[in-house]
Structures are given as C-alpha cells and as structure tokens.
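**Q** Pasting in a structure now, in structure tokens, and then I'll have a few things to ask.
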Amino acid sequence: MDINLLSEDEKSKVFALANARGETTERIIEKFGSLKQIKRMPQNYGKFFTSPIHHTFSDSGIRDGHPYVVLPNQRILYGNFPKKNYYRYYEYLGDLYSNSISKETCCVAMDVSRRYYDPLEIPDKYMPSKNGTLVEVGAYLGHKTIKFCDEYVGLGGSILAIEAVPENYELLKRNIEENRLNRVIDSLQIGVWNKKEVRTILGKGYQQNSLVQTDTHDFQSLSEIQTDTLDNILRGWKQRCIDLLTIQVNGAEIEVLEGLNQYLEKIKILYIVSPYSREGHRTIERCKELLLEKECTILEETNETSIYAVTKYFKEAFL
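Numbering (UniProt numbering), first residue to last: 1 to 319.
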C-alpha cells in the first residue's frame, strides 16, 4: 500500500507507530498493511506502552486470578489484567516485548517497566543509602516500593508503603510477601488525610484514585475507607529518622501536608508529585506555601509538577 493514498489521520497513525517501534513507515505498512489494521492503530504511544520494549522479563503467567511477571533477578511482581484498550497497544507493540509477555500479562509488564525498571525522577543525592528509611504515600501495587528496597535501602533498611485502595493494597501485600520482604517493608492500608475519619475514596478503576475531585478527572465514588494523618501514622511506625518521604496521592497532597506537623522533625527530604488543580487552583502552589510555612526549603529540582524539599532540621546536609 502506498502511504500517499492514506488520509491524513491514517498517515499520522502510521508515523506514530513507526516512531514507537523505531522502524520506517515502509516497514510499518509492510507489517500492518491492511487498511483495517491501519484504521485500528492508536493515535499515539506513551512511555507506559513502549517501556516494556526496552526491558527483559524471564517469565509471566496467571496465578490465583492475578497476572504476574518474573524478572531476571527472580523478583515476582503481580498486577492487574489489561484494560480493553491495552490489547490494541499489545497488538501493535507486543512482538517487541519479551517473548514471555502475553496479552494477559502485558499490563503488569507495562506497570513494572515504568515503576521498577525505568529510572526514578528523584535524584540519587536525595535517595536513602543502604540501611536507610523511606516512606511511600501512595504505594499502588508496590513495584516501585520493591525497587526502593533492591536499589537503595537494601535488606537492612526500612520502608513503610501506604496504599488507600483495598484492592491495590492486597496486591501490594502479596508482592511484599512473595518476595520475602516483610522484614524490610511494612505496609498499611489507609488513606492519608488531615484528620482521622472515614472518607469515600473516589476513582476510575485501579490506577486513578483519590480522596478529592480534581479539575481533570470526573471520579466516581468507590468505597469508604479509614483515613489518618501522617503525624499519627509515623508516630505509630516508631522510626527515629526518615530519609525520604514520597507523596503521590492524585490531588490530595494539600491535606496530606496539613496532617504533617509534629513528626516533620524526623524527616529529611520530601518529594511530592502534584500536577493537579482543584477548582481552578493548582495544588502545587498551595503545597509550596504549606512547606514554607513549616520552614522547609524548596530545592532547585522542583518543577511544574513535582516538589523537592528539605526540612529545616536537615537542610545543612543538603544545601
């Protein structure tokens, strides 16, 4: 088929797939040349879908109703089945993934590629060293939690993984247990908020969940969960010092910070993902105000969507 015979929309799809696969448009048309296949092509390919191309998986399968992948280091990581639209990405990219990845396990491979394999956004100079301590608010399924263990704190470190969504928490707990990391990683199923109360968790499926509505999402009510403040949660964890606190809670960052006061003196570095807006106001700006009110220093790596900050108790070590 001659690419010049295609519509502009169809050409755009061919160019997008060629870019995602690292191939020429001629090769794309040769491989996916029917007009029906071209019309079915996605419009674009984000890193979530292309990342597995660059990583290796030893095995994958389904166990007790959950898909999993096995890494070359023998880590076994469970996840969710793909959403329906993921199958279309697998149709056009799956032959470039490891041979062990199937249509049923491609979503786990995508999640693990982005959260375990791909480089962290956080500079190494702010990461805990061996035997260090880390708290992850919004741990999802624990893929990044286990990366924190393997690449940073090691088996002598301590991690607290906090996840609000009950279904996500069950997979988080399973990933910790099946990798025999219970002595390193403590987990807690709770929503982090500015007070202790029962609240409704909102969301769309298993990934996009929050305790608040944002301007870019139309979340639906899912279930009621218990919430508490970071002050109370960290006091109960009883660590003398926390090297890094990461917060990724899909819009509820303000309330998380409002509930962190007395225990701030135990924390060195905070990393807050905050690309959201609520009622026309960007949450990142209010988060910065709260941190400054708490006498934290905003670090130079802070950008439009993420905040890096050091508490006043440890700023001399990082400035």
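By construction, the Cβ of each residue, glycine as well, lies at the ideal position given by its N, Cα and C atoms.
Taking the alpha-carbon positions, what's the ARG183 to GLU304 distance?
**A** As a first step, residue 183 must be located in the sequence shown, where it is residue number 183. As a first step, residue 304 must be located in the sequence shown, where it is residue number 304. Cα to Cα, ARG183 sits roughly 37 Å from GLU304.
**Q** Need the endpoints of the alpha helix (DSSP H) that GLY203 sits in, please.
**A** Residue numbering aside, residue 203 sits at position 203 when the sequence shown is read from its first letter. Segment 197-204 is the beta strand (DSSP E) holding GLY203; no alpha helix (DSSP H) there.
**Q** With a Cβ-Cβ cutoff of 7 Å, do TYR45 and ALA18 count as a contact?
**A** For the purposes of this step, residue 45 is taken as residue 45 along the sequence shown, with counting starting at 1. For the purposes of this step, residue 18 is taken as residue 18 along the sequence shown, with counting starting at 1. Cβ distance not < 7 Å, so TYR45 and ALA18 don't count as in contact.
**Q** Can you tell which of TYR263, LEU222, GLN189 and LYS196 has the C-alpha that lies nearest to the C-alpha of GLY203?
**A** The residue given as residue 203 occupies position 203 in the sequence shown. Among TYR263, LEU222, GLN189 and LYS196, the Cα nearest to that of GLY203 belongs to LEU222.
**Q** Indicate the three-state DSSP secondary structure (helix, strand or coil) for ALA161 in the structure shown.
**A** Within the sequence shown, the letter at position 161 stands for residue 161. Three-state result, ALA161: strand.
**Q** Whole angstroms is fine: what's the gap from SER12's alpha carbon to LYS144's?
**A** Along the sequence shown, read from residue 1 onward, the residue named residue 12 stands at position 12. Along the sequence shown, read from residue 1 onward, the residue named residue 144 stands at position 144. Cα to Cα, the separation comes out at about 34 Å.
**Q** Give the DSSP bridge partners of ILE272, in chain order.
**A** Taking the sequence shown and counting its residues from 1, one reaches residue 272 at position 272. ILE247 and ILE307, per the DSSP bridge assignment.
**Q** Residues in the same chain with beta-carbon distance under 6 Å from TYR90, minus the five sequence neighbours each way, listed in chain order, please.
**A** Here residue 90 refers to the residue found at position 90 of the sequence shown. Cβ neighbours of TYR90 beyond the five flanking positions: LYS103 and CYS106.
**Q** Please confirm whether GLU197 and THR229 have their CB atoms less than 7 Å apart.
**A** If you number the sequence shown from 1, residue 197 lands on position 197. If you number the sequence shown from 1, residue 229 lands on position 229. In this structure, THR229 does not lie closer than 7 Å to GLU197 by Cβ.
**Q** Using a 10 Å radius around the Cβ and a threshold of 16 neighbouring Cβ atoms, would you call SER85 buried or exposed?
**A** Translated into positions along the sequence shown, residue 85 becomes position 85. The amino acid at residue 85 is misidentified as Ser; the sequence shows Asn. Under this definition ASN85 is an exposed residue.
**Q** For HIS143, name the three-state secondary structure that DSSP assigns.
**A** Reading the sequence shown from its first residue, position 143 is the one you call residue 143. Correct three-state label for HIS143: helix.
**Q** What's the gap between the Cα of ALA109 and the Cα of ILE38?
**A** If you number the sequence shown from 1, residue 109 lands on position 109. If you number the sequence shown from 1, residue 38 lands on position 38. Taking the straight line joining both Cα atoms gives about 25 Å.
**Q** With DSSP run on the structure shown, which of helix, strand or coil describes ASP59?
**A** In the sequence shown, residue 59 corresponds to position 59, counting from 1. Strand at ASP59.
**Q** Spatial neighbours of ASN131 within its chain, please: C-beta separation below 8 Å, excluding the five flanking residues on both sides.
**A** Along the sequence shown, read from residue 1 onward, the residue named residue 131 stands at position 131. Hits under 8 Å: VAL153, GLY154, GLY156 and GLY157.
**Q** Sort LEU134, GLY280 and LEU264 by Cα distance to ILE122 and report the nearest one.
**A** Translated into positions along the sequence shown, residue 122 becomes position 122. Ranking the options by Cα distance to ILE122, first place goes to LEU134.
**Q** DSSP state of VAL192, grouped into three classes?
**A** For this step, residue 192 is matched to residue 192 along the sequence shown. Reduced to three states, the DSSP call for VAL192 is strand.
**Q** Taking the alpha-carbon positions, what's the LYS147 to ARG235 distance?
**A** Here residue 147 refers to the residue found at position 147 of the sequence shown. Here residue 235 refers to the residue found at position 235 of the sequence shown. Whole-angstrom Cα-Cα distance: 25 Å.
**Q** Considering Cα atoms alone, identify which of LYS36, LYS31 and ASN73 is closest to ASN179.
**A** As a first step, residue 179 must be located in the sequence shown, where it is residue number 179. Closest option to ASN179, Cα to Cα, is ASN73.
**Q** Which term fits ALA317, buried or exposed, when burial requires 16 or more other beta carbons within 10 angstroms of its beta carbon?
**A** For the purposes of this step, residue 317 is taken as the residue at position 317 of the sequence shown. Label assigned to ALA317: exposed.
**Q** Might you give, ordered along the chain, the residues of its own chain that have their beta carbon closer than 6 Å to the beta carbon of THR297, omitting 5 neighbours on each side?
**A** Here residue 297 refers to the residue found at position 297 of the sequence shown. Taken in chain order, the residues that qualify are VAL310 and LYS315.
**Q** Going by the beta-carbon positions, is the gap between VAL192 and VAL273 smaller than 7 Å?
**A** Sequence index remark: in the sequence shown, residue 192 carries index 192 (1-based). Sequence index remark: in the sequence shown, residue 273 carries index 273 (1-based). No, these two residues do not count as a Cβ contact at 7 Å.
**Q** Sort THR302, LYS268 and ILE53 by Cα distance to SER98 and report the nearest one.
**A** The residue you call residue 98 lines up with position 98 of the sequence shown. The candidate whose alpha carbon is nearest that of SER98 is ILE53.
**Q** For HIS66, list the residues DSSP reports as bridge partners.
**A** The sequence position of residue 66 within the sequence shown is 66, counting from 1. According to DSSP, which records beta bridges pairwise, HIS66 is partnered with ARG63.
**Q** Quick one: residues in its chain with C-beta nearer than 8 Å to the C-beta of LEU71, no 5 flanking neighbours on either side, listed in chain order?
**A** Here residue 71 corresponds to residue number 71 of the sequence shown, with the count starting at 1. Once the five neighbours on either side are set aside, the close Cβ partners of LEU71 are THR56, PHE57, SER58, LEU77, VAL112 and TYR116.
**Q** DSSP three-state label for ILE122, please.
**A** The residue labelled residue 122 in the question sits at position 122 within the sequence shown. Three-state result, ILE122: coil.
**Q** Round the Cβ separation of TYR276 and THR214 to the nearest angstrom and send it over; I've been treating them as touching at under 8 Å.
**A** As a first step, residue 276 must be located in the sequence shown, where it is residue number 276. As a first step, residue 214 must be located in the sequence shown, where it is residue number 214. Confirmed, Cβ separation roughly 4 Å.
**Q** Tell me whether ILE29 sits in a helix, a strand or coil according to DSSP, three-state version.
**A** Sequence index remark: in the sequence shown, residue 29 carries index 29 (1-based). Three-state DSSP puts ILE29 in a helix.
**Q** Rounded to a whole number of angstroms, what is the C-alpha to C-alpha distance between ILE28 and TYR92?
**A** Here the question's residue 28 lines up with position 28 in the sequence shown. Here the question's residue 92 lines up with position 92 in the sequence shown. Cα-Cα distance, rounded: 10 Å.
**Q** Can you give the Cα-Cα distance for ARG286 and CYS149, rounded to whole angstroms?
**A** Within the sequence shown, numbered from 1, the residue matching residue 286 stands at position 286. Within the sequence shown, numbered from 1, the residue matching residue 149 stands at position 149. Approximately 31 Å, taken between the alpha carbons.
**Q** So what does GLN226 bridge to, in DSSP terms?
**A** If you number the sequence shown from 1, residue 226 lands on position 226. Paired residue(s): VAL198.
**Q** Under a Cβ-count criterion, where at least 16 other Cβ atoms within 10 Å of its own Cβ denotes burial, should THR216 be classed as buried or exposed?
**A** Counted from its first residue, the sequence shown places residue 216 at position 216. With fewer than 16 other Cβ atoms within 10 Å, it is exposed.
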